[in-house]
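Numbering (this note's numbering), first residue to last: 17 to 247. First up is the structure itself, then whatever we jot down about it.
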Amino acid sequence: MPGMSAVIRVPGNEKQILDDKISRLEIFGAVEVGKVRLESCVYRSLMDQAKYRSFQIFTLSDFPATCFVMNDAEPDRMLTADLSFREFPTLMKGVVEYEKKLQVEGNGVKYRLGDFQINFLTISTGQSAAIKGLLLEIGFIPTCLPKYSGELLIAFGTQHFPELFSGPSGSNALTPTLKKAFTDNGSADILPKSTPEKLMMGDSMTVLSRASARITVAQYIEKIREIRSHQ
17 MPGMSAVIRV
27 PGNEKQILDD
37 KISRLEIFGA
47 VEVGKVRLES
57 CVYRSLMDQA
67 KYRSFQIFTL
77 SDFPATCFVM
87 NDAEPDRMLT
97 ADLSFREFPT
107 LMKGVVEYEK
117 KLQVEGNGVK
127 YRLGDFQINF
137 LTISTGQSAA
147 IKGLLLEIGF
157 IPTCLPKYSG
167 ELLIAFGTQH
177 FPELFSGPSG
187 SNALTPTLKK
197 AFTDNGSADI
207 LPKSTPEKLM
217 MGDSMTVLSR
227 ASARITVAQY
237 IEKIREIRSH
247 Q
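Quick look at the structure:
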């Protein structure tokens with residue numbers, strides 16, 4: 017989604033847990049605005065001497081024309097590519113192999129409340145439809161520098177999902193990736209060195225939006241890694 021987001025893993029694996037949180041949010045006037053879907057596919061190299069042993073292709077319906085690619089050799093770097101890149105592995109048959117057991121799918125609903133957008137997702141892994149985890153994404157829709165939206169995300173989360181936002185100022189719910197963004201306004205991308213006013217205009221605005229998207233996706237990947245590790 018646009019703007020800056022915080023992705024949170026919800027304890028448990030029953031859809032009713034998310035339904036209860038949705039019902040609570042609806043009391044405050046939140047309305048459903050659509051569906052949301054994510055997919056993570058991992059491919060392993062069949063070449064013994066390959067520098068990159070595996071890579072992951074991640075897609076999220078909030079960025080419908082884009083896919084995000086990460087490799088095991090450089091886990092902190094992320095490639096943004098056209099959605100058609102998903103077809104690339106099919107051209108590499110015999111060179112890379114699809115890891116079915118590491119496939120992750122997420123499906124859910126999107127709500128809006130004021131300037132905030134909230135995604136509720138159930139996560140399944142491998143070829144099984146069984147729910148393996150629950151994720152919640154809170155997004156502040158207006159695009160702005162991370163440090164300016166951080167306190168707003170924490171305040172919103174603490175008010176509506178206090179059980180998820182424990183610790184000082186609710187910071188325990190935030191991933192290392194997002195905490196870093198709040199600290200230095202960055203991600204793996206190099207953000208333009210400019211005044212806040214200029215960052216909201218033209219090419220700088222585009223770069224900032226791309227960086228925000230990468231920060232969001234990086235958080236999803238962190239949470240998916242946690243879910244995989246608990247299988």
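Note that beta-carbon positions come from the ideal geometry of N, C-alpha and C, so glycine has one too.
DSSP bridge partner residues for residue 82 (one or two, in chain order) | Per DSSP, 98.
Of the residues 56, 55, 54, 71, the one placed nearest residue 62, counting alpha carbons only | The residue among 56, 55, 54, 71 with its C-alpha nearest the C-alpha of residue 62 is 71.
8 Å CB neighbourhood of residue 88 in its chain, flanking five on each side removed | Contacts found: 68, 69, 70, 71.
Start and end residues, beta strand (DSSP E) containing residue 70 = Counting along the chain, the beta strand (DSSP E) containing residue 70 begins and ends at 70-76.
Going by alpha carbons, who is nearest to residue 109 out of 60, 29, 169, 31?
-> The candidate whose alpha carbon is nearest that of residue 109 is 60.
Relative to the C-alpha of residue 98, which residue among 83, 106, 31 is closest?
-> Checking every option, the nearest Cα to that of residue 98 belongs to 83.
Residues that residue 193 bridges to, as DSSP identifies them | Listed as beta-bridge partners of residue 193 by DSSP are no residues whatsoever.
Would you call the CB atoms of residue 132 and residue 125 closer than 7 Å?
-> The answer is no: Cβ separation not under 7 Å.
Per the contact definition of three or more C-beta pairs closer than 8 Å, is the segment 137-148 in contact with the segment 168-184?
-> Contact fails: fewer than three Cβ-Cβ distances are below 8 Å.
7 Å CB neighbourhood of residue 129 in its chain, flanking five on each side removed = Hits under 7 Å: 41, 44, 45, 46.
For the alpha helix (DSSP H) that residue 39 lies in, which residues bound it at each end?
-> Residue 39 -> alpha helix (DSSP H) spans 31-43.
Would you identify the three-state DSSP class for residue 47, choosing helix, strand or coil?
-> Taken through DSSP and simplified to helix, strand or coil, residue 47 comes out as strand.
Alpha carbon to alpha carbon, how far is residue 34 from residue 246?
-> Straight across, the Cα-Cα distance linking residue 34 with residue 246 is about 20 Å.
Assuming residue 94 and residue 234 form a contact by the criterion Cβ under 8 Å, report the distance between their Cβ atoms to the nearest whole angstrom.
-> About 7 Å separates the beta carbon of residue 94 from that of residue 234, a gap short enough to meet the 8 Å contact definition.
In whole angstroms, what separates the C-alpha of residue 176 from that of residue 117?
-> C-alpha separation (whole angstroms): 35 Å.
Same chain, Cβ closer than 6 Å to residue 157, neighbours up to 5 away in sequence not counted | Same-chain partners within the cutoff: 18, 19, 131, 133.
Locate the beta strand (DSSP E) running through residue 133, then write down its first and last residues.
-> Residues 132-141.
According to the Cβ coordinates, are residue 238 and residue 174 closer than 7 Å?
-> No. Outside cutoff.
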